[in-house]
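Student: Position one of the sequence shown corresponds to residue 9 (my numbering), numbered consecutively onward. Ideal Cβ positions, reconstructed from N, Cα and C, are used throughout, including at glycine. Keep in mind the model is a prediction, meaning the values are calculated, not measured. Have a look at this one.
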Amino acid sequence: MVNLNVDIAGVTLKNPVMPASGTYEYTGMHNSIFPPDKLGAVVTKTIFIEPREGNKPPRICETPCGMLNSIGIPTEGVDSFIKNNLPLLAGYGVPVIVSIAGDTIEDFCEIANIIEGTGKADLLELNLSCPNLNHGIEWARNKKQLYRIIKKIKESTHIPIIAKLSPSVDDISEMALIAESAGANAVALINTYKGMKIDIGKRRPFLGNTAGGLSGPAVHPLAVYAIFSTFKKISIPIVGIGGIASWKDAIEMILAGSAAVGVGMYNFVNPAVMGEVIEGIEHYLAENNFDCPADLIGLAHF
């Protein structure tokens with residue numbers, strides 16, 4: 009009998025499937041179609057210390073085989089999140105991964121400490137694609153800053169951390185190795201690619217903030233390669249994210265080297281997709297005489 013359990017940084021997930029941050033409504037449409045307690049883990053929208061409104065509209069637009077988003081990470085702030093949403097998420101009985109971000113290292117450390125103090129989070133996901141307020145560049149794109157911020161957060165909290173890395177670098181496997189050396193317990197590959205669309209009628213950028221993050225099936229082969237090229241260079245787990253639209257896409261990522269997968273944009277296309285992915289992984293394992301997802305991890309290398 010197939011056992012779908014996977015281990016991420018010492019936390020047991022009952023299956024390897026979770027939503028990417030900000031792509032699943034825990035109290036809305038998704039909840040009614042695919043209950044959160046069936047997931048391997050729940051992942052929150054990214055939380056900052058203080059409330060934020062996000063970017064001006066339009067914030068999203070379709071592209072061939074994908075979507076551009078320039079949401080700008082609107083957030084209720086950590087105090088409201090802890091009061092109104094975290095207890096709900098913890099009540100589903102599956103591991104809770106809280107996505108956090110900040111303008112400074114001190115912001116990251118403060119919110120990590122606050123979340124840890126609740127006792128309701130199992131893992132922290134560091135959204136490192138927001139700009140460093142002091143240096144004007146994304147944390148995930150600067151080697152020294154990436155090492156420094158992860159090391160500082162690890163020194164300030166005992167919750168295992170997942171470093172979510174940007175693909176907009178020369179070698180993402182090198183950044184993953186830096187994250188591991190700084191103390192990250194896992195990495196998430198990949199965040200979105202920066203892109204834009206121009207309204208040819210108005211002759212202006214379509215998005216209110218000019219550019220946005222590209223996600224969806226168009227980036228899936230790029231994500232698979234990022235995972236494949238990183239797998240043998242690090243010893244910590246990889247959470248594969250990027251363009252998963254079916255169970256076959258998830259299997260590809262696991263074969264490339266990911267221990268778990270995050271489904272993002274396709275939750276908006278097919279709200280039942282994560283259930284289909286879980287079922288498809290289970291059937292694939294059974295039909296091919298594998299006992300668990302761990303048996304597949306990185307098999308494309310051998």
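Helix, strand or coil: how does DSSP classify Val25 here?
Tutor: In the sequence shown, counting from the first residue as 1, residue 25 sits at position 17. Reduced to three states, the DSSP call for Val25 is strand.
Student: Do you know how far the Cα of Lys162 is from the Cα of Gly191?
Tutor: Counting from 1 along the sequence shown, the entry for residue 191 is found at position 183. Counting from 1 along the sequence shown, the entry for residue 162 is found at position 154. Cα-Cα distance, rounded: 6 Å.
Student: Considering Ile247, what are the terminal residues of the beta strand (DSSP E) in which it resides?
Tutor: Against the sequence shown, residue 247 aligns to sequence position 239. It is Val, not Ile, that sits at residue 247 in the sequence shown. Counting along the chain, the beta strand (DSSP E) containing Val247 begins and ends at 246-249.
Student: Taking buried to mean at least 16 other C-beta atoms within 10 Å of its own C-beta, is Ile206 buried or exposed?
Tutor: Taking the sequence shown and counting its residues from 1, the one referred to as residue 206 is at position 198. Ile206 is exposed by the Cβ-count criterion.
Student: If you draw a straight line from the C-alpha of Asp303 to the C-alpha of Ile252, how long is it?
Tutor: Within the sequence shown, the letter at position 295 stands for residue 303. Within the sequence shown, the letter at position 244 stands for residue 252. The alpha-carbon atoms of Asp303 and Ile252 are separated by roughly 20 Å.
Student: Going by CA-CA distance only, name the one from Ala268, Ala294, Leu307 that's closest to Val50.
Tutor: Taking the first residue of the sequence shown as position 1, residue 50 is located at position 42. When each option's Cα is compared against that of Val50, the closest is Ala268.
Student: CB-CB under 6 Å to Pro43, same chain, minus the five flanking residues each way: which ones, in chain order?
Tutor: Position 35 of the sequence shown, counting from 1, holds the residue named residue 43. Same-chain partners within the cutoff: there are none.
Student: Cβ of Ser137 within 7 Å of Cβ of Ser88?
Tutor: For the purposes of this step, residue 137 is taken as the residue at position 129 of the sequence shown. For the purposes of this step, residue 88 is taken as the residue at position 80 of the sequence shown. In this structure, Ser88 does not lie closer than 7 Å to Ser137 by Cβ.
Student: Out of curiosity, what's the CA-to-CA distance linking Met124 and Met183?
Tutor: Numbered from its first residue, the sequence shown carries residue 124 at position 116. Numbered from its first residue, the sequence shown carries residue 183 at position 175. Strictly speaking, residue 124 in this sequence is Glu, with Met absent from that position. Rounded to the nearest angstrom, the two C-alpha atoms are 26 Å apart.
Student: Report buried or exposed for Met9, applying the criterion of at least 16 other Cβ atoms within 10 angstroms of its Cβ.
Tutor: Counting from 1 along the sequence shown, the entry for residue 9 is found at position 1. Residue burial annotation: Met9 is exposed, with fewer than 16 other C-beta atoms found within 10 angstroms of its C-beta.
Student: Check for me: the beta strand (DSSP E) holding Lys172 runs from which residue to which?
Tutor: The sequence position of residue 172 within the sequence shown is 164, counting from 1. Its beta strand (DSSP E) spans residues 169-172.
Student: Considering only residues of the same chain and omitting the five flanking positions on each side of Lys64, which have a CB-CB separation below 6 Å?
Tutor: Taking the first residue of the sequence shown as 1, we reach residue 64 at position 56. If we look at Lys64 and ignore the five residues flanking it on each side, its Cβ neighbours are Gly216.
Student: Among residues of its own chain, excluding the 5 on either side of Cys69, which ones have a beta-carbon nearer than 8 Å to its beta-carbon?
Tutor: Here residue 69 corresponds to residue number 61 of the sequence shown, with the count starting at 1. Excluding residues within five positions, the ones whose Cβ falls inside 8 Å are Met75, Leu76, Lys205, Phe214, Leu215, Gly220.
Student: Tell me the rounded alpha-carbon separation between Thr20 and Ile180.
Tutor: Here residue 20 corresponds to residue number 12 of the sequence shown, with the count starting at 1. Here residue 180 corresponds to residue number 172 of the sequence shown, with the count starting at 1. Using only the alpha carbons, I get a separation of about 26 Å.
Student: When the Cα atoms are used, what is the spatial distance from Ala231 to Gly283?
Tutor: As a position in the sequence shown, residue 231 is number 223, starting the count at 1. As a position in the sequence shown, residue 283 is number 275, starting the count at 1. Cα-Cα distance, rounded: 21 Å.
Student: Could you spell out where the alpha helix (DSSP H) holding Ser223 opens and where it closes?
Tutor: The residue labelled residue 223 in the question sits at position 215 within the sequence shown. Element bounds for Ser223: not the alpha helix (DSSP H) but the beta strand (DSSP E), 220-223.
Student: Among Val14, Asn23, Ala129, Ala294, which residue has its Cα nearest to the Cα of Thr52?
Tutor: For this step, residue 52 is matched to residue 44 along the sequence shown. Looking at the Cα atoms, Ala129 is the closest of the given residues.
Student: Which residues in the same chain as Pro279 place their Cβ atom closer than 7 Å to its Cβ, once the five residues preceding and following it in sequence are excluded?
Tutor: Start at 1 with the first residue of the sequence shown, and residue 279 comes out as number 271. So the qualifying residues of the chain are Met37, His38, Ile41, Phe42.
Student: Could you tell me which uninterrupted alpha helix (DSSP H) segments, each at least 4 residues in length, are contained entirely in the stretch 260-298, listed from first to last along the chain?
Tutor: 274-277, 281-295
Student: For Ser223 versus Met273, is the C-beta spacing smaller than 7 Å?
Tutor: Locating residue 223 in the sequence shown gives position 215, counting from the first residue. Locating residue 273 in the sequence shown gives position 265, counting from the first residue. Yes, these two residues count as a Cβ contact at 7 Å.
Student: Check this for me: beta carbons of Pro245 and Ala194, under 7 Å apart or not?
Tutor: Position 237 of the sequence shown, counting from 1, holds the residue named residue 245. Position 186 of the sequence shown, counting from 1, holds the residue named residue 194. Yes, the pair counts as a contact, with Cβ atoms nearer than the cut-off.
Student: Hey, could you find the ends of the alpha helix (DSSP H) Lys202 is sitting in?
Tutor: Here residue 202 corresponds to residue number 194 of the sequence shown, with the count starting at 1. Looking at the DSSP string, Lys202 is not in any alpha helix (DSSP H); the run it does join, the beta strand (DSSP E), is 201-203.
Student: For Asp207, write down the residues that DSSP places opposite it in a beta bridge.
Tutor: Position 199 of the sequence shown, counting from 1, holds the residue named residue 207. Bridge partners of Asp207: Arg212.
Student: Taking the runs of the alpha helix (DSSP H) that are 4 residues or longer, which of them lie wholly in the stretch 173-199?
Tutor: 180-190
Student: Determine the closest residue to Ile57 out of Leu293, Leu263, Ile119, with distance taken between C-alpha atoms.
Tutor: The sequence position of residue 57 within the sequence shown is 49, counting from 1. Nearest of Leu293, Leu263, Ile119 to Ile57, Cα basis: Ile119.
Student: For Val14 and Ala196, what's the separation of their Cα atoms in angstroms?
Tutor: The residue given as residue 14 occupies position 6 in the sequence shown. The residue given as residue 196 occupies position 188 in the sequence shown. Whole-angstrom Cα-Cα distance: 15 Å.
Student: So, helix, strand or coil for Asn11, using DSSP?
Tutor: For this step, residue 11 is matched to residue 3 along the sequence shown. Correct three-state label for Asn11: coil.
Student: On a Cα-Cα basis, can you pick out the residue from Thr35, Glu61, Tyr34, Leu134 that is closest to Thr54?
Tutor: Position 46 of the sequence shown, counting from 1, holds the residue named residue 54. Measuring from the Cα of Thr54, the nearest candidate turns out to be Leu134.
Student: Which whole-angstrom value is the C-beta distance of Tyr201 and Ser176, which I expect to be below 8 Å?
Tutor: By one-based count along the sequence shown, residue 201 stands at place 193. By one-based count along the sequence shown, residue 176 stands at place 168. With 8 Å as the limit, Tyr201 and Ser176 qualify as a contact, their Cβ atoms being about 7 Å apart.
Student: With a 10 Å radius around its C-beta and 16 neighbouring C-beta atoms as the bar for buried, classify Ala294 as buried or exposed.
Tutor: On the sequence shown, position 286 is the one that residue 294 refers to. Classification of Ala294: exposed, given that the 10 Å Cβ count is below 16.
Student: From the DSSP secondary-structure annotation, give me the bridge partner or partners of Thr83.
Tutor: Along the sequence shown, one-based indexing puts residue 83 at 75. DSSP output for Thr83 lists Arg60 as bridge partner(s).
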